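Participant: Anchor point for the sequence shown: position 8 equals 12 in the numbering used here, and the numbering is continuous, going up by one each time. Quick one: the structure is below, questions incoming.
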Amino acid sequence: MSPPVVTLTIAGSDCCAGAGIQADLKTFSLLGLHGLTAISTIVVQTPFKVHSYQEVSPETLTEQIQVLLESYPIAAIK
């Protein structure tokens, strides 16, 4: 059995898991992919309302992506 394909998602983090990296990871898992994440925004929301959000600094986002690209054989980026 070959190892799963490694896929990176660059997205926001949705605390209720209906969107963003949480939803992407669910989809990747269903497709048999190994999902990695780089978080761009932290969102406080429900299915009905966005209460607040905090953007991650460009430097932190860039560092997340660079470290993952150096450490994993990423085959696809979403």
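C-beta: ideal position from N, C-alpha, C; glycine also. Because the structure is a prediction, the values reported are computed rather than measured.
Taking only the alpha-carbon atoms, compute the straight-line gap between Val9 and Leu40 and give it to the nearest angstrom.
Facilitator: One C-alpha to the other measures close to 11 Å.
Participant: So the candidates are Ser6, Leu12, Pro7, Met5; which of them puts its Cα closest to the Cα of Ile81?
Facilitator: Considering only alpha carbons, the answer is Leu12.
Participant: Let me confirm a value: Phe32 is counted as buried when at least 16 other C-beta atoms fall within 10 Å, else exposed. Which label applies?
Facilitator: Phe32 comes out buried.
Participant: Report the rounded CA-to-CA distance for Ser44 versus Ser61, giving the unit in angstroms.
Facilitator: If I take the Cα positions, the gap works out to 8 Å.
Participant: Could you tell me which uninterrupted beta strand (DSSP E) segments, each at least 3 residues in length, are contained entirely in the stretch 51-80, listed from first to last along the chain?
Facilitator: List check, beta strand (DSSP E) in window: 54-59.
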